[in-house]
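Quick note on numbering: the sequence shown equals residues 3 to 313 in my numbering. These notes concern the structure reproduced below.
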Amino acid sequence: MMRKGRAGGRMEQDMEKTYSEFVAIVGCPNVGKSSLLNALVGEKVAIVTSRPQTTRTRITGVLTQGDTQFVFIDTPGLHRPKTKLSEYMVKQVKDSVADVDVAVLVTEPVGEIRPAEQELLESFRARRLPAILAVNKIDSLAKKEMMMEKIAAFSGLFPFAAVVPVSALERDGVDILLSEVKKFAQEGPHYFPDDAMTDQPERVIVAEIIREKLLCNLRDEIPHGTAVLVESMKERENQEITDIQAVIYCERDSHKGMIIGKGGAMLKKVSSEARAEIENFLQIHCNLQCWVKTKPDWRNKAGAISNFGFQ
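Take a look at the structure:
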């Protein structure tokens, strides 16, 4: 579990009332859900790239403010599944709205309402789930009035509890969104230590950082056909350094060659960028070693999907 800093903390409960709230962050691919999660938590707990379907599973971000603890559930973008992995990702979205206090539907400020967004609205209605519309990427607009048509279209389809324009990138409107979300908090215990930021183990976050660098540096379908498994993480005795062994899996031998690059240049670049971010995350020097292996068509093999942690 990732906490603020490397020092652990314990959850202290006193006789005063405490509140908790589970919030699902949903929407189509590449609308900025993970960026919004990071902005709400105040730390990077989910990887972010410009590519759609970066997030593959549910990621929990935790924020505790005084007596209230928010548990944000970031989800993959809802899309038409083409592989068993895609089916798993879509299931994560549908399961995430099954038992939360409120949903935050993230959308872009312009464009038509997508069928997947309409499907999410129907799921809210069927579950009688309150929802907040977060219109993200307002920093990309020349004129804020351009988003009014999109807001009007959404408002005509569903009675949102609130509509909040935000820029996750610039944290514009994030505090307003958080205040609207807080209205749905329920009296109850804090389910995580008050200094926790996510329920993700360190190994999972390290693997995701490596995958983020693959997504940023590789082109076309190659990065979406990769998975990263951290096989070992061990801090050296009496030394401020952690040894990390990670394997990058891809679906084709030709992809393996591209990931490694000429003379190992691409793998070295990915590993170097990942190591820098991992060191910042762990607050310790790291010796990161990455290998590349081929596992053909793993995205359509249930056993491989399970082995890579998608359960």
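Every residue gets a Cβ at the ideal spot worked out from N, C-alpha and C, and that includes glycine.
Below 8 Å CB to CB, which residues in the same chain sit around residue 134 once its five sequence neighbours on both sides are set aside? Result list for residue 134: 104, 105, 106, 107, 162, 163, 164, 165, 166, 179, 182, 183, in chain order.
For chain D, is any of its Cβ atoms less than 9 Å away from the one on residue 283? As a matter of chain content, chain D is missing from the structure shown, which is built from one protein chain.
Per DSSP, which residues does residue 76 bridge with? Please list them. For residue 76, which the question treats as bridged, DSSP gives the partners 27, 61.
Nearest-angstrom beta carbon gap, residue 153 and residue 176 [assumed within contact, 8 Å]: Between residue 153 and residue 176 the Cβ distance is about 18 Å, and since that is not below 8 Å, they are no contact.
Using a 10 Å radius around the Cβ and a threshold of 16 neighbouring Cβ atoms, would you call residue 40 buried or exposed? It is buried - the Cβ of residue 40 has at least 16 other Cβ atoms within 10 Å.
Is it right to say residue 101 is buried, meaning 16 or more other beta carbons lie within 10 angstroms of its own, or is it exposed? Using a 10 angstroms sphere on the CB of residue 101, the tally of other CB atoms stays under 16, which defines it as exposed.
Pick out whichever of 29, 253, 204, 33 has its Cα sitting closest to the Cα of residue 298. Comparing C-alpha distances from residue 298 to each of 29, 253, 204, 33 shows the shortest one belongs to 253.
Classify residue 159: buried if its beta carbon has 16 or more other beta carbons within 10 angstroms, exposed otherwise. When all chains shown are included, residue 159 counts as exposed.
Give me the Cβ distance between residue 258 and residue 296, rounded to the nearest whole Å; I'm assuming they're in contact under 8 Å. That belief holds up - the Cβ atoms of residue 258 and residue 296 are roughly 5 Å apart, short of 8 Å.
Return the residue from the list 260, 283, 228 that minimises the CA-CA distance to residue 301. With respect to the C-alpha of residue 301, the residue from 260, 283, 228 having the closest C-alpha is 228.
Simplified DSSP state of residue 32, which is helix, strand or coil: Residue 32 falls in the coil class under three-state DSSP.
Where are the beta strand (DSSP E) runs, 3 residues long or more, that stay fully inside the segment 157-244, in chain order? Taken in chain order, the whole beta strand (DSSP E) runs of length 3 or more contained in the segment 157-244 are 164-167, 198-200, 229-237.
Looking at C-beta atoms only, is the number of pairs between the segment 231-245 and the segment 282-290 that lie closer than 8 Å three or more? Yes: at least three Cβ pairs fall under 8 Å.
For residue 81, which residues in the same chain have their Cβ closer than 6 Å to its Cβ, ignoring the five residues on either side in sequence? Caution is warranted here: a pLDDT of 45 is assigned to residue 81, below 50, making its placement in the model unreliable, and the coordinate value is therefore given only provisionally. Counting only residues of its own chain and dropping the five nearest sequence neighbours on each side, residue 81 has a CB closer than 6 Å to the CB of 31.
Does the segment 63-77 touch the segment 206-217, meaning 3 or more C-beta pairs lie closer than 8 Å? Contact fails: fewer than three Cβ-Cβ distances are below 8 Å.
Of the residues 194, 112, 28, 126, the one placed nearest residue 141, counting alpha carbons only: Ranking the options by Cα distance to residue 141, first place goes to 112.
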